[in-house]
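*Asks:* Just passing along the structure, written as structure tokens.
There are 2 protein chains.
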Amino acid sequence: MDLNAIYLVSDSIGETADVVIRSALFQFETENYQLKKYSYVQTTEEIDEICAKAADDDHAMIFYTFVKKEMADYMKDRIEKAGLIGVDIYSPILTGLGQLFQLPAKEKPGINRQLNADYFNRVEAIEFSVKYDDGRDPRGIEKADIILIGVSRTSKTPLSIYLANKNVKVANIPLFPESKPPKEIFSIAPERIIGLVNSPKKLNEVRKERLKTLGLPPSASYAGMERILEELEYADQIMKQIGCEIIDVSNKAIEETADHILHYMDVMNINRKQL
Amino acid sequence: MDLNAIYLVSDSIGETADVVIRSALFQFETENYQLKKYSYVQTTEEIDEICAKAADDDHAMIFYTFVKKEMADYMKDRIEKAGLIGVDIYSPILTGLGQLFQLPAKEKPGINRQLNADYFNRVEAIEFSVKYDDGRDPRGIEKADIILIGVSRTSKTPLSIYLANKNVKVANIPLFPESKPPKEIFSIAPERIIGLVNSPKKLNEVRKERLKTLGLPPSASYAGMERILEELEYADQIMKQIGCEIIDVSNKAIEETADHILHYMDVMNINRKQL
């Protein structure tokens with residue numbers, strides 16, 4: 009059977025279409041498709057070419073995000089004339105927002121990647137969170153919006169990066185019995201600290217996996233139950249001493265834990281974008 | 009004037025709706041709105057409550073992403089009955105893909121955050137790229153899919169993280185005349201190295217900004233033209249010696265440069281997800 013061709017067409021990079029389609033694709037039990045991405049499509053000639061290509065494919069479908077109404081309309085017309093199927097992702101949303109605001113859309117492609125203050129804040133938050141990953145520099149604790157603490161393999165790093173993408177400056181500090189955590193975590197406001205815990209079973213699994221990746225034997229004490237329980241007990245003491253929020257990350261995707269933290273920050277009135 | 013209320017309703021976190029709406033909002037010259045996010049909406053009673061709240065607002069609009077057709081239909085019906093405006097983001101896409109594949113959708117909320125192999129690969133790529141940021145450990149060079157080199161303030165860190173989110177393992181290495189780069193960058197395949205350059209003017213601006221953030225005087229030599237030209241000259245020599253791809257990042261958003269690199273990787277047949 010021929011591969012289904014999914015065309016993603018955009019007048020900009022096409023990142024939004026990409027996110028939406030990839031997310032929707034999870035709802036189908038098939039890998040029998042090929043994504044064909046067309047970025048920076050700015051002329052009707054290019055639309056003609058893309059539609060001609062899609063018409064040549066046996067099974068094709070076109071998803072498009074144009075911020076210019078004229079281009080979206082042209083695309084719709086060409087798709088119909090070629091007897092193809094297409095979905096206009098952006099127009100219903102832009103029309104809706106236009107109705108709500110009683111304002112015309114700017115129709116400027118790529119405007120969401122303009123180098124504005126929000127963009128720079130996000131880049132800064134990412135650089136911050138990479139810099140203060142894994143307790144590299146305790147000075148990060150006082151400057152961060154949120155400090156994550158936890159034993160090894162409680163998702164501290166990917167969580168920090170995910171939150172940084174949401175404009176949160178994060179410092180993360182590993183906890184292990186052999187080394188005292190930096191004293192700063194006992195002096196700052198406990199609301200800014202989040203303790204991450206994971207189930208012993210899960211830690212055992214992910215640590216064994218980790219050892220495998222590192223080319224080490226899975227029997228190393230790092231992945232053993234005794235060591236894991238000792239570390240968790242130690243971390244529990246520290247977290248209780250601080251009196252911080254504790255989140256169990258076992259069986260939670262990064263996005264879910266991050267969502268929990270963002271909600272918590274809202275409730276506790278912890279600002280982002282402050283340094 | 010009352011704030012326009014934009015409701016984002018999802019049977020999962022609502023991340024997809026969030027991305028699409030935030031991107032579309034850039035097309036309007038207004039900040040007169042408030043996002044109200046409702047996550048994990050799983051029952052018709054919750055839909056009733058949300059619509060009742062929206063009907064109480066003076067200016068409200070509902071965007072929703074439900075993977076269950078029944079819930080999307082119920083939402084549509086309630087919105088119409090309440091005289092509200094709403095946009096169903098997901099259904100046209102899911103219907104389209106269903107037509108293309110000739111398959112029913114799974115209708116399982118949150119399935120795109122399931123802890124599958126792709127998810128773990130992405131988390132691993134992020135951890136990798138944080139670990140091998142800023143030349144911290146030259147062993148990363150041989151293990152990385154792509155190595156970014158460049159002088160300070162050529163977006164090495166945010167680019168690494170963005171690419172890691174796309175499953176690319178990145179190591180980045182800063183270049184400056186006082187320190188020889190790790191010898192590994194001259195021995196690996198040059199196709200895996202990307203040299204990042206920035207215009208002297210831009211570097212001058214962003215470095216002055218950087219100094220301000222660090223509480224240092226903007227007159228420090230780091231941000232001075234003489235120093236910048238010296239560094240760029242040095243970097244140019246190294247890049248020519250390697251014979252690597254060079255990208256000018258001035259006035260490019262991270263997404264654009266990353267897009268360029270992903271294309272380049274495709275063309276050069278550089279695999280991701282390999283270690």
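Heads up: the protein sequence lines correspond to chains A and B, in order.
Remember, this note's numbering sits 8 above the position in the first sequence when you count from 1.
Remember, this note's numbering sits 8 above the position in the second sequence when you count from 1.
Heads up, the beta-carbon is just placed ideally off N, CA and C, and yes, glycines get one too.
#1: Counting pairs of beta carbons, one from the region 171–179 of chain B and one from the region 133–148 of chain B, are three or more of them closer than 8 angstroms?
#2: Among A:Asn259, A:Phe128, A:Tyr72, which one has its Cα closest to the Cα of asparagine 173 (chain A)?
#3: When you compare the CB of serine 31 (chain B) with every CB in chain A, is at least one pair closer than 8 angstroms?
#4: Please list, in chain order, the chain A residues whose beta carbon lies closer than 9 angstroms to that of alanine 23 (chain B).
#5: My parser needs the beta strand (DSSP E) runs of 3 or more residues fully inside the region 106–187 of chain A; what are they?
#6: For glutamate 253 (chain B), which of helix, strand or coil comes out of DSSP?
#7: Residues of chain A with CB under 7 angstroms from leucine 111 (chain B), in chain order?
#8: Any chance the CB of asparagine 120 (chain B) is under 7 angstroms from a heavy atom of the ligand ATP?
#9: Between the region 72–106 of chain A and chain B, which residues of the former have a C-beta closer than 9 angstroms to a C-beta of the latter?
#10: Which word fits glutamine 110 (chain B), buried or exposed, when buried means at least 16 other C-beta atoms lie within 10 angstroms of its C-beta?
#11: I'd like the span of the beta strand (DSSP E) that includes valine 49 (chain A), first residue to last.
#12: Following the continuous alpha helix (DSSP H) through tyrosine 82 (chain A), name the residue where it begins and the one where it ends.
#13: Name the two residues that bound the continuous beta strand (DSSP E) containing alanine 68 (chain B).
#14: Applying the 10 Å Cβ sphere with the 16-neighbour rule, what's the burial state of arginine 215 (chain A)?
#15: Look up isoleucine 278 (chain A) in the DSSP assignment and say whether it is helix, strand or coil.
#16: Hey, would you say alanine 90 (chain A) sits closer than 8 angstroms to alanine 125 (chain A), going by beta carbons?
#17: Say whether the region 192–206 of chain B touches the region 143–160 of chain B, bearing in mind that this needs 3 or more beta-carbon pairs closer than 8 angstroms, one atom from each stretch.
#18: Below 8 angstroms on the Cβ atoms is my contact criterion, and I expect valine 205 (chain B) with isoleucine 254 (chain B) to pass it. Report the Cβ-Cβ distance as a whole number of Å.
#19: Whose CA, out of A:Pro117, A:Met69, A:Ala133, lies closest to the CA of glycine 106 (chain B)?
#20: Buried or exposed: glutamine 282 (chain A), going by 16 or more other Cβ atoms within 10 Å of its Cβ?
#21: May I ask you to report which of helix, strand or coil DSSP gives asparagine 259 (chain A)?
#22: Is the region 66–82 of chain B close to the region 9–24 of chain B, with three or more CB pairs under 8 angstroms?
#23: Would you check if the distance between the CB atom of glutamate 23 (chain B) and the CB atom of lysine 76 (chain B) is smaller than 8 angstroms?
#24: What does lysine 114 (chain B) reach in chain A if we use C-beta pairs closer than 9 angstroms?
#25: For my contact list, leucine 108 (chain B) and glutamine 35 (chain A) are in at a C-beta cut-off of 8 angstroms; report their separation, rounded to the angstrom.
#26: Alpha carbon to alpha carbon, how far is methionine 233 (chain B) from glutamate 239 (chain B)?
#27: Assuming tyrosine 98 (chain B) and alanine 25 (chain A) form a contact by the criterion Cβ under 8 angstroms, report the distance between their Cβ atoms to the nearest whole angstrom.
#28: If alanine 243 (chain A) sits next to leucine 183 (chain A), beta carbons under 8 angstroms apart, how far is it from one beta carbon to the other, in whole angstroms?
#29: Straight-line CA distance for arginine 161 (chain B) to glutamate 132 (chain B)?
#30: Could you name the residues that DSSP lists as bridge partners for glycine 203 (chain B)?
#31: On the CB-based measure, 16 or more other CB atoms within 10 Å of its CB, does lysine 260 (chain A) come out buried or exposed?
#32: From lysine 84 (chain B) to glycine 104 (chain A), what does the alpha carbon distance come to, in whole angstroms?
#33: May I have the straight-line CA-CA distance separating glutamine 249 (chain A) from glutamate 241 (chain A), to the nearest angstrom?
#34: From threonine 38 (chain A) to lysine 44 (chain B), what does the alpha carbon distance come to, in whole angstroms?
#35: Closest by CA to asparagine 12 (chain B), which one among B:Gln42, B:Val27, B:Arg30, B:Val28?
#36: Are valine 257 (chain A) and serine 187 (chain A) closer than 8 angstroms when you measure CB to CB?
*Replies:* Considering the structure as presented:
#1: By the C-beta criterion, the region 171–179 of chain B is judged to be in contact with the region 133–148 of chain B, since at least 3 inter-stretch pairs fall below 8 angstroms.
#2: With distances taken between Cα atoms, asparagine 173 (chain A) lies closest to A:Phe128.
#3: Yes - at least one Cβ of chain A is within 8 angstroms of the one on serine 31 (chain B).
#4: Correcting the residue type first, residue 23 (chain B) is glutamate in the shown sequence and not alanine. Residues of chain A passing the Cβ test: Val27, Ser31, Glu263, Asp267.
#5: Within the region 106–187 of chain A, the complete beta strand (DSSP E) runs of at least 3 residues are 154–158, 178–182.
#6: When secondary structure is reduced to three states using DSSP, glutamate 253 (chain B) falls in the strand class.
#7: Under the 7 angstroms cutoff, chain A gives Phe36, Glu37, Thr38.
#8: With respect to small molecules bound, the structure shown includes none, and the ligand ATP cannot be examined in it.
#9: Listed by position, the residues of the region 72–106 of chain A near chain B (Cβ gap below 9 angstroms) are Thr73, Val75, Ile93, Gly94, Val95, Asp96, Ile97, Tyr98, Pro100, Ile101, Leu102, Thr103, Gly104, Leu105, Gly106.
#10: Counting every other CB atom within 10 Å of its CB across the protein chains shown gives glutamine 110 (chain B) a total below 16, marking it as exposed.
#11: From DSSP, valine 49 (chain A) is part of no beta strand (DSSP E); its letter is neither H nor E.
#12: Looking at the DSSP string, the run of the alpha helix (DSSP H) that includes tyrosine 82 (chain A) is 77–89.
#13: First-last of the beta strand (DSSP E) with alanine 68 (chain B): 68–73.
#14: With 16 or more other Cβ atoms within 10 Å, it is buried.
#15: In the three-state DSSP reduction, isoleucine 278 (chain A) falls in the coil class, being neither helix nor strand.
#16: In this structure, alanine 90 (chain A) lies away from alanine 125 (chain A), with their beta-carbon atoms at least 8 angstroms apart.
#17: Two segments are said to touch when three or more pairs of C-beta atoms, one from each, lie closer than 8 angstroms; by this definition the region 192–206 of chain B touches the region 143–160 of chain B.
#18: A Cβ-Cβ separation of about 6 angstroms places valine 205 (chain B) in contact with isoleucine 254 (chain B) under the 8 angstroms criterion.
#19: For glycine 106 (chain B), the nearest C-alpha among the options comes from A:Met69.
#20: With a pLDDT of 43 at glutamine 282 (chain A), under the threshold of 50, the modelled position of that residue is not reliable, and no figure is offered here.
#21: Coil, per DSSP.
#22: The answer is yes - the region 9–24 of chain B touches the region 66–82 of chain B, with three or more Cβ pairs under 8 angstroms.
#23: No Cβ-Cβ contact shorter than 8 angstroms links glutamate 23 (chain B) with lysine 76 (chain B).
#24: Phe34, Gln35, Phe36, Glu37, listed in chain order.
#25: Rounded, the Cβ-Cβ distance is 13 angstroms, inconsistent with contact.
#26: Near 10 angstroms, if we compare the C-alpha coordinates of glutamate 239 (chain B) and methionine 233 (chain B).
#27: The pair is not a contact, with the Cβ atoms about 13 angstroms apart (cut-off 8 angstroms).
#28: Confirmed, Cβ separation roughly 5 angstroms.
#29: Cα-Cα distance, rounded: 25 angstroms.
#30: Under DSSP, the beta-bridge partners assigned to glycine 203 (chain B) are B:Ile157, B:Ile254.
#31: Classified as buried, lysine 260 (chain A) has 16 or more neighbouring CB atoms from the shown chains inside 10 Å of its CB.
#32: Straight across, the Cα-Cα distance linking lysine 84 (chain B) with glycine 104 (chain A) is about 14 angstroms.
#33: Near 12 angstroms, if we compare the C-alpha coordinates of glutamate 241 (chain A) and glutamine 249 (chain A).
#34: Between the C-alpha atoms of threonine 38 (chain A) and lysine 44 (chain B) there is a straight-line separation of about 34 angstroms.
#35: When C-alpha distances from asparagine 12 (chain B) are compared across B:Gln42, B:Val27, B:Arg30, B:Val28, the shortest belongs to B:Gln42.
#36: No, Cβ-Cβ distance for valine 257 (chain A) and serine 187 (chain A) is not below 8 angstroms.
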